[in-house]
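What follows is a set of notes on a single structure, which appears directly below.
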Amino acid sequence: MRANADTRLAYARVELVPYRAEHVERYHAWMSDEHLLEATASERLSADEELAMQREWARDERKCTFIVRDAATHAMIGDCNLFFNDHDDDRACEIEIMIAERAFRRRGLARETLEAFTAYGACSLGVTTFVAKIGFGNDASNALFKSFGFVERSRSEVFEETTYAL
Numbered sequence: 001m002r003a004n005a006d007t008r009l010a011y012a013r014v015e016l017v018p019y020r021a022e023h024v025e026r027y028h029a030w031m032s033d034e035h036l037l038e039a040t041a042s043e044r045l046s047a048d049e050e051l052a053m054q055r056e057w058a059r060d061e062r063k064c065t066f067i068v069r070d071a072a073t074h075a076m077i078g079d080c081n082l083f084f085n086d087h088d089d090d091r092a093c094e095i096e097i098m099i100a101e102r103a104f105r106r107r108g109l110a111r112e113t114l115e116a117f118t119a120y121g122a123c124s125l126g127v128t129t130f131v132a133k134i135g136f137g138n139d140a141s142n143a144l145f146k147s148f149g150f151v152e153r154s155r156s157e158v159f160e161e162t163t164y165a166l
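When we follow the UniProt record's numbering, the leftmost residue of the sequence shown carries the number 1, and every step to the right adds one.
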C-alpha cells in the first residue's frame with residue numbers, strides 16, 4: 001500500500017515499518033516453517049514468488065503490510081497485515097498479526113502490535129471494523145483477539161476457523 005510506504009510506527013516495545021524487498025529473505029525463511037504456514041493459513045512460496053508478492057502488495061491499495069521489529073534491538077520479529085477485502089464495506093478490513101520469532105513470543109509484543117495497528121488503521125486509514133479469522137487450534141491468537149475486545153462473529157467447521165470482529 002502506497003499510503004504506508006514511508007510510515008514508521010514506534011511504540012514502547014515494537015516498531016512497525018513497511019514491508020520492503022530487504023525483508024523478503026528473512027520473511028521467506030519464516031514461511032518455510034510448517035507451524036507458521038498452518039497458523040497463518042499460508043501457502044509455501046519460492047523466494048522469487050515471495051519477492052514478487054512483496055512488490056505487488058507494496059502497490060496494492062487494498063493491502064497494508066508492516067514488518068514488526070523489536071524496538072530495543074530492531075530485530076525483525078513478525079508482520080501485520082490489513083486486507084480491505086469486504087466489497088460491501090470499504091471501511092472494514094481483515095487484520096492479521098504474526099510474531100514469527102519464537103524468542104519474542106509470549107512477551108506481550110503481539111498485543112502491542114495489535115494496539116498499534118488498529119490505532120493506525122482507524123486513525124490513518126479510516127477503518128471502522130476489524131475482522132480476524134483465527135484457526136481453531138491457534139489458542140494464543142484466539143485468546144489475544146478476544147482479550148482485546150474482538151467478539152465472535154461466526155465459526156467455520158469447513159475452514160476450522162473462528163471469525164471475530166471489533
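Beta carbons are placed, not taken as given, at the ideal position from N, Cα and C, and that holds for glycine. Owing to the predicted nature of the structure, the values given are computational and were not obtained by experimental measurement.
- Collapsing the DSSP output to three states places Val-127 in coil.
- For Asn-138, no beta strand (DSSP E) encloses it, and the DSSP letter there is neither H nor E.
- Burial check for Cys-123: the Cβ neighbour count within 10 Å stays below 16, so the residue is exposed.
- Judged by DSSP secondary structure, Glu-15 falls within the beta strand (DSSP E) whose first and last residues are 14 to 18.
- Contact holds between the stretch 123 to 136 and the stretch 88 to 99, because three or more Cβ pairs, one in each stretch, are under 8 Å apart.
- Remark: C-beta atoms of Ala-119 and Trp-30 do not approach each other more closely than 8 Å.
- Counting C-beta atoms within 10 angstroms of its own C-beta, Asn-85 has fewer than 16 neighbours from the protein chains shown and is therefore classed as exposed.
- In this structure, the CA atom of Cys-64 is about 11 Å from the CA atom of Thr-7.
- Pairing Glu-61 with Arg-2 gives a Cβ-Cβ distance under 8 Å.
- By the criterion of a C-beta distance shorter than 6 Å, Ala-10 is surrounded by no residue of its chain, once the five residues flanking it on both sides are discounted.
- The alpha-carbon separation between His-74 and Leu-144 amounts to approximately 23 Å.
- By the neighbour-count criterion, in which a residue is buried when 16 or more other Cβ atoms sit within 10 angstroms of its Cβ, Asp-70 is buried.
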